[in-house]
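Chains as they are written, first to last, in my numbering: chain A, 187 to 480; chain B, 187 to 480.
Remarks on the structure that follows.
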DNA sequence: TGTTACCCATAGACATGGTCTATATCTCCT
DNA sequence: AGGAGATATAGACCATGTCTATGGGTAACA
């Protein structure tokens, strides 16, 4: 059964042995010499052996004391390392940040924040796990990521949602359809053109489908793709009109390789949110990252 | 500042992490659950990070908690091993006993006690360092042995002397001098025979020299030897009359290969004493051995 | 949808025991 | 002989670790 010493006594013993002096140990520990003397005595009495020889110069380990020290020294060093490591984690000189989300959000939305974060805390390792929104939620619940970056809305009582950014989806076309540049199309008119949409299970796809449905139309894509890059590329090559997040094609809109097709109805904005587990403590790194984004 | 956590908290953390439950940790440590809860909270606050996720089944380490645990686990295991080792030292299931003395005392006097001690405490390693009395005293003061076994008297304020046994030195001869068997010799008569003595620096030699001197004689050996075995062997072969400790030749006296030469004056007994350092704590093993001898 | 039975968190009271000051004792050194 | 510096001891105090009592949350089950 437990010999039940207060482990604090080992700290005192360690310093007394290390410095060879109760007085020095006391200084190192910000205690008084009698306190140290008392602590050592407690240890000796609990073990029933003497740990130190006392002489006029200080103290010296006995055989038994050396045996004890051989164990305790390592133990104390480990604790010191642990405390240093924890301080490093807190200061974000160390640790890791694990984010889940879609590739397109990483590329167009998360990346600038990540750069900033990495510059500020180069010791923190970054892990990006890409997946669909349900997958990201699963990752979160399994504890494999600290936070997720996904499109809103998300309704899940276990999750804490921080809406952080608004994106505007729109239809864009390339020079093949230049005649539409200054027009304002009705939905009916738009549907006369080949439409390129993201794959069926994406949130953007569901959103636009619902918009058309609300106005009594049904939108059926000519082409279906699985990445934002393809959505852009196909539109540039004139294969159709792509439904895409405006912020993700800002470069193409600027340089004129794509233009936005105006509609006579407003398209709903979409929101990007940061997902974390509700009622679960955040790692320092995740906390700092969220603070950065907000 | 001081990250100065009470190391006792790490013990609590260790058990909480190990059992995955504050309640279980409390039972293991003979504490109540609120105490453990409080201890963990202290650690978390001191580090500024969360160490556990709390759920309805118990607790689970966070990333930061796992990092801390990776250090603390080893540390705690070492402390446990240290406590077990110290208990073993105390119980004499372990440790060592270092004795200094002369070969003859080891062989004829210490050995039976050592056998008994070893039988009772087989885990204790035995170290025998042989040397002359001054060497033994030096060993003691240098801390190379726990106790010395030497002839009395010893006067040294640093040493603690425990007289433990009385030996009687005497003159013995072999069959070559059978005519002396039933005689009682005067010192003068004895000196007509060749005498064999131990080497000049031995205590026995000094003692007998002084005895003869007190009676107005001077004893000069024919042969001088460096071991008790040779003293005995030479006497048996009739090379002279040996001055030897009676207890060391009890076998030869019994079997008749040697007989004691009676003198008309009493020879002073010599005393064997156990030497330890005064004002220095004894190891458990040394303490037990001295108790055995007394 | 109660009920039960586990968890952990919190609040507040209490007493243990760790720490302090003051002093004694010892040894070494000058 | 005296001073410097080490550890040991005694006794007082109060910080803090521990307890009891209680609250809230979740999972399992009827």
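C-beta: ideal position from N, C-alpha, C; glycine also.
- Return helix, strand or coil for residue 448 of chain B, following the three-state DSSP convention. strand
- Query: When burial is assigned at 16 or more other CB atoms within 10 Å of the CB, is residue 364 of chain A buried or exposed?
  - Reply: exposed
- Cutoff 6 Å; reference residue 290 of chain A; Cβ partners in own chain excluding five residues on either side: 414
- Item | Other residues of its chain near residue 426 of chain A: CB distance less than 7 Å, five sequence neighbours each side excluded | 379, 380, 381, 382, 408, 409 and 420
- Task: Check whether the Cβ atoms of residue 267 of chain B and residue 203 of chain B sit closer than 9 Å, and answer yes or no.
- Result: no
- Item | Neighbourhood of residue 340 of chain A by C-beta distance below 6 Å, restricted to the same chain and skipping five residues each side | 347
- Message: Assuming residue 359 of chain A is part of the alpha helix (DSSP H), what are its boundary residues?
- Response: From DSSP, residue 359 of chain A is part of no alpha helix (DSSP H) but of the beta strand (DSSP E) over 345-359.
- Item | CB contact check: residue 414 of chain B to chain A, cutoff 9 Å | no
- Task: Quick one: grab the DSSP three-state call for residue 220 of chain B.
- Result: helix
- Are the C-beta of residue 231 of chain B and some C-beta of chain A separated by less than 9 Å? no
- Task: Could you check if residue 482 of chain A is buried or exposed, using at least 16 other CB atoms within 10 Å of its CB as the buried criterion?
- Result: Only positions 187 to 480 of chain A appear in the structure, and residue 482 of chain A is not among them; the question remains open.
- Three-state secondary structure assigned by DSSP to residue 324 of chain B: helix
- Could you check how far apart the C-beta atoms of residue 208 of chain A and residue 245 of chain A are, in whole angstroms? I think they sit under 8 Å. 6 Å
- Counting only beta-carbon atoms, is residue 192 of chain B nearer than 9 Å to chain A? yes
- Query: List, in order along the chain, the chain A residues whose C-beta lies closer than 9 Å to that of residue 258 of chain B?
  - Reply: 264, 265 and 268
- Query: Between which two residues does the alpha helix (DSSP H) containing residue 298 of chain B stretch?
  - Reply: 297-306
- Item | Neighbourhood of residue 435 of chain A by C-beta distance below 7 Å, restricted to the same chain and skipping five residues each side | 358, 418 and 444
- Task: Return the residues of the segment 238-258 of chain B that lie within a Cβ-Cβ distance of less than 7 Å from chain A, sorted by chain order.
- Result: 239, 248, 249, 250, 253, 254, 257 and 258
- Closest residue to residue 261 of chain A among A:389, A:472 and A:196 (Cα-Cα distance): A:196
- Query: Taking 9 Å as the CB-CB cut-off, is residue 467 of chain A touching chain B?
  - Reply: yes
- Cross-strand partners of residue 196 of chain B (DSSP beta bridge): Per DSSP, none; premise fails for residue 196 of chain B.
- Query: Which bits of chain B does residue 275 of chain A rub up against, with CB to CB less than 7 Å?
  - Reply: 235, 250 and 253
- Task: Return the chain-ordered list of same chain residues with a C-beta closer than 8 Å to the C-beta of residue 188 of chain A, the five sequence neighbours on each side being excluded.
- Result: Any reading at residue 188 of chain A must be qualified, since the residue scores a pLDDT of 37, below 50, and its modelled position is unreliable; the value itself is stated next. For residue 188 of chain A, where only same-chain residues beyond five positions count, there are no Cβ hits under 8 Å.
- Output, in sequence order along the chain, the residues in the segment 194-215 of chain A whose CB is closer than 7 Å to any CB in chain B. 194, 196 and 197
- Task: State the DSSP-derived secondary structure class of residue 318 of chain A, mapped to helix, strand or coil.
- Result: coil
- Label residue 399 of chain B either buried or exposed according to how many other C-beta atoms from any shown protein chain fall within 10 Å of its C-beta, with 16 as the threshold for buried. exposed
- Item | Start and end residues, beta strand (DSSP E) containing residue 409 of chain A | 409-411
- Task: Quick one: which unbroken beta strand (DSSP E) runs of 3-plus residues sit fully inside the segment 362-401 of chain B? Chain order, please.
- Result: 381-384
- Could you have a look at residue 188 of chain B and say whether DSSP puts it in helix, strand or coil? For residue 188 of chain B, the pLDDT reaches just 37, beneath the cut-off of 50, and the residue's location in the model is therefore unreliable, although a value from the coordinates is still provided. It is coil, neither helix nor strand.
- Query: Are the C-beta of residue 539 of chain B and some C-beta of chain A separated by less than 9 Å?
  - Reply: Any question about residue 539 of chain B goes unanswered here, given that chain B covers just 187 to 480.
- Assuming residue 331 of chain A and residue 405 of chain A form a contact by the criterion Cβ under 8 Å, report the distance between their Cβ atoms to the nearest whole angstrom. About 33 Å; that fails the 8 Å criterion.
- Message: Taking the alpha carbon of residue 361 of chain A as the reference point, which residue from A:449, A:441, A:293 and A:320 has its own alpha carbon closest?
- Response: A:441
- Bridge-paired residues (DSSP) for residue 462 of chain B: B:346
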